[in-house]
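Just below is one structure, and these are the notes that go with it.
Chains as they are written, first to last, in the working numbering: chain P, 1 to 263; chain U, 264 to 533.
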């Protein structure tokens, strides 16, 4: 039995941890603002230029709209193809990375390491490299989106596979089915809906990503975005951004609706 | 004995049976549109040679670039990238709090005009491309990492505000009600009950967003907003593949390190 009030340890009484965290964050803030050359006063003295830019963007040149319809379609087409190729590639990898299907630790670890490495690369960086390989055009965009969605989808997919009910698998196994039959009849029906849902989610992200890929020459609406920005034609930039916004919102809405129906 | 089946379930069955065909046609049409609409440029003649030199550059990176004390080397620029992401995320987290309370739907609210308008504003911010934001800030404060910080801090509001507002909507209101029933006023409820309840989730989401900000800070340099992206795009444009190799290696290591660090911290928080 405890007869006296427990005493708080020294570190708690003097709030060592919160103080240390605060000092660390303040030091990090000061060093990073020093490194990035943050100058609050400059922001406000130059704020006029920024508002001027916004003013020019607030008068969209609507007659530019017919010009950008085709690249907008191209952007969506790039996203659809890229996501499909990426997801198709991701399926075998996600099966191999799932801990309940593959019991070989080294194979699984190796595959996961590759997937982790692919996921670290930002989309625009991939685009810059693939434009160098495939040349300027939508092929580079499709390949970029395929690699980018491959990394993301395979992680989502193997996490889904790891949550499945192992009962049907064991039933088929005990009936003497081979690996392929097990995957087709026991694994696939359990994961199909979630796969499609994640596929649509990735498509949403890719539609957003593909609108800027063209900035580096990888096709789609981004090419026009870069052109209008380089020509300081901000009223055209505004039209492009607004049109992109509408497309992204429509795709998001359709995809969200379908995902709600699926799950 | 014969049982009769009413007509209605039968037609339902028909629809259920053949629904997949409709979906198949829809999906086929979409893919047909996507494949025929895209103009495939095909492989360039130099594609194989370029790929080979990329792989060669990746295998034999330019190690001398790692650190040379000029301030333009890999280590200093990676640190600058992290600084952009850290500062941008910190500022954005502070700005996101009022936005989150604006967009959060509370139980007492019958009309959702406030919450709805807040959600629309956050969606608009989220959809505005970060690259364009960076270019706009470059016009305002000149090229460099300061523009990157501003771009990250504004763009992140869209996602952080959404995540924060969802945290507020799902929070446990017990502590709020306890302070109210003890006679606390609005400010006291906020400081003593609301804030301590949601703070761990806010910090966790901020760390998650920091992971994303590190990735975007490393590409913002491609348009001139500071960080590792600037030498990266120069190296790609001048076909300096050993340099590209070492920068890629640096980015991959940085992202892996930050991701695992942030994951550790988040695991301890919640």
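Even for Gly, the Cβ is constructed at its ideal location relative to N, Cα and C.
Quick check on the burial criterion: 16 or more other C-beta atoms within 10 angstroms. Buried or exposed for residue i?
{"i": "residue 83/P", "result": "buried"}
{"i": "residue 208/P", "result": "buried"}
{"i": "residue 212/P", "result": "buried"}
{"i": "residue 155/P", "result": "buried"}
{"i": "residue 44/P", "result": "exposed"}
{"i": "residue 288/U", "result": "exposed"}
{"i": "residue 440/U", "result": "exposed"}
{"i": "residue 52/P", "result": "exposed"}
{"i": "residue 226/P", "result": "buried"}
{"i": "residue 92/P", "result": "exposed"}
{"i": "residue 303/U", "result": "exposed"}
{"i": "residue 26/P", "result": "exposed"}
{"i": "residue 41/P", "result": "exposed"}
{"i": "residue 189/P", "result": "exposed"}
{"i": "residue 122/P", "result": "buried"}
{"i": "residue 15/P", "result": "exposed"}
{"i": "residue 71/P", "result": "buried"}
{"i": "residue 126/P", "result": "buried"}
Using a Cβ cut-off of 8 Å (strictly closer), state whether residue i contacts chain P.
{"i": "residue 402/U", "result": "yes"}
{"i": "residue 489/U", "result": "yes"}
{"i": "residue 469/U", "result": "no"}
{"i": "residue 519/U", "result": "yes"}
{"i": "residue 417/U", "result": "no"}
{"i": "residue 298/U", "result": "yes"}
{"i": "residue 383/U", "result": "no"}
{"i": "residue 314/U", "result": "yes"}
{"i": "residue 343/U", "result": "yes"}
{"i": "residue 319/U", "result": "no"}
{"i": "residue 447/U", "result": "no"}
{"i": "residue 290/U", "result": "no"}
{"i": "residue 353/U", "result": "yes"}
{"i": "residue 396/U", "result": "no"}
{"i": "residue 456/U", "result": "no"}
{"i": "residue 324/U", "result": "no"}
Are any of the Cβ atoms in chain U nearer than 8 Å to that of residue i?
{"i": "residue 233/P", "result": "no"}
{"i": "residue 151/P", "result": "no"}
{"i": "residue 35/P", "result": "yes"}
{"i": "residue 23/P", "result": "no"}
{"i": "residue 215/P", "result": "yes"}
{"i": "residue 138/P", "result": "yes"}
{"i": "residue 238/P", "result": "no"}
{"i": "residue 65/P", "result": "no"}
{"i": "residue 32/P", "result": "yes"}
{"i": "residue 144/P", "result": "no"}
Near residue i, which residues of its chain fall below 8 Å by C-beta distance, leaving aside the five closest residues on each side in sequence?
{"i": "residue 522/U", "result": "474"}
{"i": "residue 131/P", "result": "140, 216, 217 and 218"}
From the DSSP output, in three-state form, read off residue i for me.
{"i": "residue 6/P", "result": "coil"}
{"i": "residue 263/P", "result": "coil"}
{"i": "residue 64/P", "result": "helix"}
{"i": "residue 317/U", "result": "helix"}
{"i": "residue 292/U", "result": "helix"}
{"i": "residue 101/P", "result": "coil"}
{"i": "residue 445/U", "result": "coil"}
{"i": "residue 309/U", "result": "coil"}
{"i": "residue 121/P", "result": "coil"}
{"i": "residue 230/P", "result": "helix"}
{"i": "residue 501/U", "result": "coil"}
{"i": "residue 14/P", "result": "coil"}
{"i": "residue 58/P", "result": "coil"}
Excluding the five sequence neighbours on either side, which residues of its own chain have a C-beta within less than 7 Å of the C-beta of residue i, listed in chain order?
{"i": "residue 505/U", "result": "320, 323, 324 and 325"}
{"i": "residue 364/U", "result": "431"}
{"i": "residue 136/P", "result": "217"}
{"i": "residue 528/U", "result": "470"}
Near residue i, which residues of its chain fall below 6 Å by C-beta distance, leaving aside the five closest residues on each side in sequence?
{"i": "residue 330/U", "result": "336 and 338"}
Is the Cβ of residue i closer than 8 Å to any Cβ of chain B?
{"i": "residue 148/P", "result": "Structure shown: chain B not included; protein chains present are P and U."}
What do you reckon, is the C-beta of residue i under 7 Å from a heavy atom of the ligand FAD?
{"i": "residue 468/U", "result": "The ligand FAD is absent from the structure shown, which contains no ligands of any kind."}
- Can we say the stretch 324-342 of chain U touches the stretch 493-505 of chain U, given the rule of at least three CB pairs closer than 8 Å? A contact is defined here as three or more CB-CB pairs under 8 Å, and the stretch 324-342 of chain U meets this definition with respect to the stretch 493-505 of chain U.
- Query: So does the stretch 252-261 of chain P actually touch the stretch 102-116 of chain P, counting three or more Cβ pairs closer than 8 Å?
  - Reply: Too few Cβ pairs lie closer than 8 Å, so no.
- Query: Counting pairs of Cβ atoms below 8 Å between the stretch 93-100 of chain P and the stretch 460-476 of chain U, do you hit three or more?
  - Reply: No, because fewer than three Cβ pairs between the stretch 93-100 of chain P and the stretch 460-476 of chain U fall closer than 8 Å, the two stretches do not touch.
- Query: Are three or more beta carbon pairs between the stretch 347-355 of chain U and the stretch 479-495 of chain U nearer than 8 Å?
  - Reply: Yes: at least three Cβ pairs fall under 8 Å.
- Message: Counting beta carbon pairs with one atom in the stretch 391-408 of chain U and one in the stretch 27-40 of chain P, are three or more of them shorter than 8 Å?
- Response: The stretch 27-40 of chain P makes contact with the stretch 391-408 of chain U: 3 or more CB pairs, one atom from each, lie closer than 8 Å.
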